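Single-structure report; data block below.
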Amino acid sequence: MHSSIPSASRAAFLALVAGAVLASCAAGGGKTLGNASNTPSATSGTVASASQSADKAVAGGVNPASIPMGDGHVSTVPKVGYVDSCITSFRRQPNADGPWINAAAGTWNSLTKPSSSGAVSWQGATYSVGVTGSTRTITANDLPIDHPTGTFPVTSSDPTSQWDHNPNSIVPHPTTISLPLDPSPAAEPSCVGMGPIGILNDGVFLFNALDAAGVDGGAHEVFDQWGEHPDNAGMLHHHFVPSFIMGAVSHAPGSSTLVGYAADGYGIYVQYTASGNLVTNANLDACHGTTSPVLWNGKVQSVYHYDATLEYPYTVGCFRGTPDSAFTAVHSS
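Okay, structure coming up:
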């Protein structure tokens with residue numbers, strides 16, 4: 002049992018994100034962006050498409066047009082390809098299947114899945130990473146520092162509302178996360194909750210792979226172009242590492258790029274095997290991690306870390322270390 006530890010414009014955009022993400026990785030964090038206001042600018046245009054999915058070049062060994070769904074892969078013990086969930090009773094029914102879902106085959110097509118529309122800029126987004134002694138401190142307000150968001154609540158005129166009419170607004174959540182600079186494994190792995198389980202380098206919270214119905218959120222829920230949406234508490238969040246980040250990092254064989262931090266202090270990486278494929282569940286342990294040489298705290302060293310995959314559970318299946326309880330206690334149901 003688990004322990005109860007409580008087009009051209011797009012190319013230009015990817016280039017911008019690449020600079021932001023890689024600069025953060027090289028420095029081990031330490032950036033602060035944003036202005037004084039937490040109010041969004043006027044919504045402009047429509048960015049609906051399937052661009053929250055990974056490109057074929059990113060996918061490697063998993064076909065992005067036929068990703069195995071994680072429905073039913075919820076456990077109360079760590080298991081490869083599962084979410085070891087602290088919650089086993091879920092509050093609502095799943096969304097209606099969209100045309101990107103192949104229920105008979107148990108797969109979903111990330112290349113044809115639509116995104117909710119809109120491009121809302123947030124002027125007061127902040128994200129900084131600092132180190133004092135043996136502690137890494139992350140200060141953020143859960144607003145994206147390097148990209149806009151879709152329009153939320155989703156309007157009835159948005160074509161995606163027929164499958165996922167998200168009624169929630171985005172609300173800033175000022176947060177300070179205290180993490181060990183060099184995390185150690187806990188006596189045993191622990192479950193992940195339904196609220197924040199980490200944060201990515203775009204300043205947005207990371208949730209586990211499940212939605213509020215207890216099924217594969219990456220497959221069933223609809224996100225904006227940047228792979229995010231708010232929950233019923235207004236918390237903007239990802240359920241996976243989105244393609245604008247995945248596509249912006251190095252795809253070189255054997256490369257690895259830090260793209261965020263889990264709540265137990267371990268890094269979250271986009272990593273490619275020696276054969277040039279994005280890692281898959283077969284390369285990872287029951288918590289969705291591995292030990293290998295990566296750039297960590299300014300030097301290349303062999304350390305444990307989580308890896309992003311195109312397949313469920315996407316980032317963290319259970320906590321290998323001890324999570325920041327003050328962060329993970331911000332529960333979203």
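Per this note's numbering, the sequence shown runs over residues 2 to 334.
Ideal Cβ placement from N, Cα and C applies to all residues, glycine included.
Since the model is a prediction, treat every value here as computed from it, not as a measurement.
> If you drop the 5 nearest sequence neighbours on each side, which residues of the same chain put their C-beta closer than 7 Å to that of Ser-38?
Replying inline: With a pLDDT of only 40 at Ser-38, under the threshold of 50, the placement of this residue in the model should not be trusted; the figure read from the coordinates follows. Excluding its 5 nearest sequence neighbours in each direction, Ser-38 has C-beta neighbours in its own chain below 7 Å: Gln-124 and Gly-125, listed in chain order.
>> I'd like the span of the alpha helix (DSSP H) that includes Ala-220, first residue to last.
In response: Unbroken alpha helix (DSSP H) run through Ala-220: 218-221.
> Of the residues Asp-286, Ser-90 and Gly-299, which one's Cα is nearest the Cα of Ala-214?
Replying inline: Measuring from the Cα of Ala-214, the nearest candidate turns out to be Ser-90.
>> Taking DSSP's pairing of strands, which residues face Thr-351 in a bridge?
In response: With the chain represented from 2 up to 334, any question about residue 351 goes unanswered, as that position is not in the structure.
>> Going by DSSP in three states, Val-78 sits in which element: helix, strand or coil?
In response: Coil.
> Which residue or residues does DSSP assign as beta-bridge partners of Val-301?
Replying inline: When beta bridges are read from the DSSP output, Val-301 appears opposite Leu-296.
> Under 8 Å, do Tyr-273 and Ile-200 count as touching if we go by C-beta distance?
Replying inline: No.
> By Cβ distance, which residues of its chain are closer than 7 Å to Pro-95, with the 5 residues on each side in sequence left out?
Replying inline: Excluding residues within five positions, the ones whose Cβ falls inside 7 Å are Ala-214, Val-216 and His-221.
>> How far does the beta strand (DSSP E) with Ile-246 in it extend, from its first residue to its last?
In response: Element bounds for Ile-246: not the beta strand (DSSP E) but the alpha helix (DSSP H), 244-247.
>> Checking the sheet assignment: what are the DSSP bridge partners for Val-271?
In response: In the DSSP assignment, the residues bridged to Val-271 are Thr-258.
> Does the stretch 317-331 come within contact of the stretch 184-198, defined as at least 3 CB pairs closer than 8 Å?
Replying inline: They touch, by the three-pair rule.
> Are the Cβ atoms of Pro-197 and Thr-329 separated by less than 8 Å?
Replying inline: Cβ distance < 8 Å, so Pro-197 and Thr-329 count as in contact.
> Quick one: what's got a C-beta closer than 6 Å to Pro-149's C-beta in the same chain, skipping five residues either side?
Replying inline: Annotation for Pro-149: Ala-120, Val-121 and Ser-122 place their beta carbon closer than 6 Å to its own, counting only its chain and skipping 5 residues before and after.
> DSSP beta-bridge partners for Val-193?
Replying inline: Per DSSP, Ser-86.
>> Would you call the stretch 98-108 in contact with the stretch 282-297, where contact means no fewer than 3 C-beta pairs closer than 8 Å?
In response: Verdict: no, contact absent.
>> Assuming Thr-329 is part of the alpha helix (DSSP H), what are its boundary residues?
In response: Boundaries of the alpha helix (DSSP H) harbouring Thr-329: 326-329, taken from the DSSP string.
> Expressed to the nearest angstrom, what Euclidean distance is found between the alpha-carbon atoms of Ser-118 and Asp-203?
Replying inline: Answer to the nearest angstrom: the Cα atoms are 19 Å apart.
>> Going by C-alpha to C-alpha distance, which of Arg-137, Thr-133, Glu-229 and Tyr-128 sits closest to Asn-167?
In response: Looking at the Cα atoms, Glu-229 is the closest of the given residues.
> Are Ser-129 and Gly-151 closer than 8 Å when you measure CB to CB?
Replying inline: Judged by their CB atoms, Ser-129 and Gly-151 are not nearer to each other than the 8 Å cut-off.
> What three-state label does DSSP hand Asn-103 in the structure shown?
Replying inline: Correct three-state label for Asn-103: strand.
>> On the CB-based measure, 16 or more other CB atoms within 10 Å of its CB, does Ser-170 come out buried or exposed?
In response: Note on Ser-170: under 16 other CB atoms within 10 angstroms of its CB, so exposed under the neighbour-count rule.
> Shortest alpha-carbon distance to Gln-302 belongs to which of Gly-268, Asp-212 and Pro-314?
Replying inline: The shortest Cα separation from Gln-302 among Gly-268, Asp-212 and Pro-314 belongs to Gly-268.
> What residue does the beta strand (DSSP E) around Thr-316 start on, and which one ends it?
Replying inline: Careful: Thr-316 lies outside any beta strand (DSSP E) and carries neither H nor E.
> Which residue or residues does DSSP assign as beta-bridge partners of Leu-201?
Replying inline: Answer is Gly-261.
> Apart from the five residues on each side of it in sequence, which residues of its chain come closer than 8 Å, Cβ to Cβ, to Thr-136?
Replying inline: Cβ within range, chain order: Ser-179, Leu-180, Pro-181 and Leu-182.
> What's the call for Ser-158, buried or exposed, on a 16-neighbour Cβ count within 10 Å?
Replying inline: Ser-158 should be labelled exposed.
> So what does DSSP say about Pro-69, is it helix, strand or coil?
Replying inline: Pro-69 falls in the strand class under three-state DSSP.
>> Could you tell me the alpha carbon to alpha carbon distance between Tyr-315 and Leu-112, rounded to whole angstroms?
In response: Each residue's alpha carbon lies about 17 Å from the other.
> Name the DSSP beta bridge partners of His-306, please?
Replying inline: His-306 pairs with Thr-291.
> Quick one: what's got a C-beta closer than 6 Å to Ala-264's C-beta in the same chain, skipping five residues either side?
Replying inline: The beta carbon of Ala-264 sits closer than 6 Å to the beta carbons of Ile-198, Gly-199, Pro-324, Asp-325, Phe-328 and Thr-329 from its chain, once the five residues preceding and following it are set aside; these are given in chain order.
> What whole-angstrom Cβ distance do Leu-237 and Leu-296 have, given they're in contact under 8 Å?
Replying inline: About 27 Å; that fails the 8 Å criterion.
>> My assumption, with CB atoms under 8 Å, is that Val-223 sits in contact with Asp-165. Please give the rounded CB distance.
In response: Indeed, because the Cβ distance is near 4 Å, the residues count as touching under 8 Å.
>> Helix, strand or coil for Pro-231? Go by DSSP, reduced to three states.
In response: Reduced to three states, the DSSP call for Pro-231 is strand.
> In this structure, what does DSSP give as the bridge partners for Ser-129?
Replying inline: BP columns for Ser-129 point to Thr-140.
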